[in-house]
Each structure stands twice: as C-alpha cells, then as structure tokens.
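> In full-length UniProt numbering, the protein residues as written are 1 to 390.
(1) So who's on the other strand from residue 379, going by DSSP bridges?
(2) What's the call for residue 93, buried or exposed, on a 16-neighbour Cβ count within 10 Å?
(3) For residue 447, which option in 219, 241 and 183 has the closest C-alpha, if you only look at C-alpha atoms?
(4) So does the region 290-299 actually touch the region 15-32, counting three or more Cβ pairs closer than 8 Å?
(5) Compare the Cα-Cα distances from residue 284 to each of 5, 59 and 153 and report the closest residue.
(6) Please report the Cβ distance between residue 131 and residue 118, rounded to the nearest whole angstrom; I am assuming they are in contact, meaning their Cβ atoms lie under 8 Å.
(7) So residue 144 packs on residue 164, CB below 8 Å; how close in whole Å?
(8) Per DSSP, residue 334 forms a beta bridge with which residues?
(9) Exposed or buried, which one is residue 11 when buried takes at least 16 other CB atoms within 10 Å?
(10) Near residue 262, which residues of its chain fall below 8 Å by C-beta distance, leaving aside the five closest residues on each side in sequence?
(11) What is the DSSP secondary structure of residue 39, reduced to helix, strand or coil?
(12) Count the other CB atoms, across all protein chains shown, that sit within 10 Å of the CB of residue 7; report buried if there are 16 or more and exposed otherwise.
(13) Apply the 10 Å Cβ neighbour rule to residue 80 and answer buried if 16 or more other Cβ atoms are within range, or exposed otherwise.
(14) For residue 328, I'd like the list of residues in its chain whose CB is within less than 6 Å of its CB, leaving aside the five on either flank, ordered along the chain.
(15) Pop quiz: residue 376 and residue 203 are said to be a contact at Cβ under 8 Å. What is the actual Cβ separation, rounded to whole angstroms?
(16) How far does the beta strand (DSSP E) with residue 132 in it extend, from its first residue to its last?
(17) Tell me which residue opens and which closes the alpha helix (DSSP H) that residue 264 is part of.
(18) Under DSSP, the beta strand (DSSP E) around residue 29 begins and ends at which residues?
(19) Could you have a look at residue 290 and say whether DSSP puts it in helix, strand or coil?
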C-alpha cells in the first residue's frame, strides 16, 4: 500500500515575498499546502511595555514605527485616544489637516501594497509607477515636518505646527493627477490575463469566516462585509465628508485588489473636500497644561522657555481612566487601549494592530493552494511586521 510523506518547508523569514521578517512553516503534499503555521516575533521591540516608561508625548514617536508605511494613521489613533482621556477639543483647522494627511497616508500605504503585490506576481512596471506617486506624498511629509517617513506631526490638542503656504497647492496638484495614475495601474492589471489567473479564485475567505477571525479593513470589505470606522464610528469629523465604502462579492484576491483601488479614488475625493474646508485658524488647542507654547514664545521669553521645558521633561498629567480608540487605518482597524492612573505616563497601553489579526486568516485563505498562490495571499493581506511584532 502506497504511503504519502508530507514535507515541512520553511518560507522566510529571509524571503522577499513575506513582506518582512515573517516565517511560515508549510506542510506540503507535493506542492499543495495542507497546513500553514505563521512564526512571528523576529522584529519584536516591546512598544507597549516601553510606553509605560515614557510620557504621553514621548510615546508618540514609537507609534510612527508600528506600521511604518502609514505613520500618520498610527499617530492619529494614539492621539485621539489621549485626547479622549484629556477631554480636549481640537481646532477645526487641525481636524481638517489631520484628515488630509490621514488620507494621503492611506494612498501612500495602498501604493506600496499595489507595487509589492504586483511585483510578487511578476508585474514590475506597476511597482515603478506606484513608487513614483508615493514619492510625491513623501515629499509632502517632508514639506510639513522635515521627515519623509516617521513624520511625528500630530500632537495632543492638534498639530506640532501649521502647514506651510505651499502645502495646499502641492496636495491639490497631486490629487488632481492621481485618478489618471490609477487608470494607468488598472490598464496594466485589471484586464491582464496573467493577473486575472493569479488573483481570481485565489485566497477565498467567506464573510462569516472573516468576521469570526476578526479581519478588518479592505480584507474584510473584500469578503462583502460593509464596515468602515470612518463612516460607522466616525472620528475627527469624518461624518461631515461624502465618500463610498467599496465591498467585494467573490471574496477573493481580485476583489480585495478592486476594493483597495476604489478606496484610493475615494481618498482623493475626501482630500478634495477637506482642502475646500481648509480655513485659516489655530492648529493647537488652547490648553497650556498639555500643548507646547508657540516657538516664538520659547525663543523670546523666559516664561515660554520654562513652559516648553516643563512639558518636555515632565509631561502632562492625564485624568485617571481607561479608553479605547479605533481608527480606519489603511490595513484595517487600528486600536489603542490606554489605562491612565492620573500620572504623565500610561499605566498600561495595548495596541490592536490590523496586520496581526488579519494574518490569522492566512491558513483559511491558502490551505489547499499551491506555494505560488501563497505568495499572492500574503500580498493581498497587506501585512507589515512592524505592527505585528510591536
């Protein structure tokens, strides 16, 4: 009687298609996957524990480095949680600029997803085109903060400073051209027979299974679940903007591809609406105990210098309590749970990273597939190990 011997194969952590230091232990029957076990933790840096030993302001740079492809979204989720505890009202101009930057970040993150997902499957031209547009967004980051990736621009109560005068024109010019670039990407992929063969029917996961696992973001909406925190649990004034939430029907990799492309078009619409709402005004709340003084006060008065030094060195006390704040990050629901004991440092902080939760679906999506199809599944999940191994 013939017996079948299973093969155990390590995929990663040094592998270009695992999108970071992810190790997948594959059990194979020939080239068909019968079991997948993700092995994570290679990038662990203990952000949640480090946060207990830093002031609320000092925690902010750590959030940049969670999903380092979407730093502004990380900043926003954390800052909104802190502002909930502080019960601070943010000026309207700061809210609008936050939405502009959050949606630019969505575009930037999705551009990297599209570039790498396409490259994994063999489409190199899209990779080059998408990084071309991403460069413009990173130049905008640099314009407002001086940093191209970890911009660290948001603050409790508003923003670190106002945007420069040329910001609005640069963003408008980019957003006006972005739909044309998206048409280019679609022209290269959407009807490409190789792309269709590699994505249609690949990585299928039903709405019921997606909900049971806890998937969020485009990966959930690709399975036909109409859920978006910007609309269903709005924050930062998203309820005042008009946008559509795309959902898929076939629950496969191609549907998730289409959902993200539509999301990019909708992000452009939101940014245009926000630019029309951008009016002169303050970008920081009138809360001296929490907010840094203007730089001119720091440079020109001893009171301003002392004020700045006191917040920088001691932080600001946050009322005791606990809070959870979720935001619709590019990869799904990013949540911050913070417990305050009334001091200037979090007593406890727990992060709900979408990549960590979404990665659990990989076995459901790829079991029974070939190894080559697993590469497409990893790409369609759009994971970043920075927040998985937080």
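Every residue, glycine too, gets a C-beta built ideally from N, C-alpha and C.
Let's see:
(1) DSSP, once it has assigned bridges, lists no residue as partnering residue 379.
(2) Residue burial annotation: residue 93 is buried, with at least 16 other C-beta atoms found within 10 angstroms of its C-beta.
(3) The structure shown does not extend to residue 447, since the chain is modelled only from 1 to 390, so the question has no answer here.
(4) With a cut-off of 8 Å, the region 15-32 and the region 290-299 do not count as touching, because too few Cβ pairs lie within range.
(5) That would be 153, whose Cα lies nearest to the Cα of residue 284.
(6) Not really, about 11 Å apart at Cβ, beyond 8 Å.
(7) The beta-carbon distance between residue 144 and residue 164, rounded to whole angstroms, is 7 Å. This is short enough to meet the 8 Å contact definition.
(8) Paired residue(s): 327.
(9) Counting other Cβ atoms within 10 Å of its Cβ, residue 11 reaches 16 or more and is therefore classed as buried.
(10) Correct list, in chain order: 244 and 246.
(11) Here residue 39 carries a strand assignment [DSSP, helix/strand/coil].
(12) Residue 7 counts as exposed, since fewer than 16 other C-beta atoms from the protein chains shown sit within 10 angstroms of its C-beta.
(13) That one is buried.
(14) Sequence-distant Cβ neighbours of residue 328 in its own chain, meaning closer than 6 Å and more than five residues away, are 228, 229 and 230.
(15) Under the criterion of beta carbons closer than 8 Å, residue 376 and residue 203 qualify as touching, at roughly 6 Å.
(16) From DSSP, residue 132 is part of no beta strand (DSSP E) but of the alpha helix (DSSP H) over 124-145.
(17) Judged by DSSP secondary structure, residue 264 falls within the alpha helix (DSSP H) whose first and last residues are 253-277.
(18) Note, residue 29: beta strand (DSSP E), 23-29.
(19) Three-state result, residue 290: coil.
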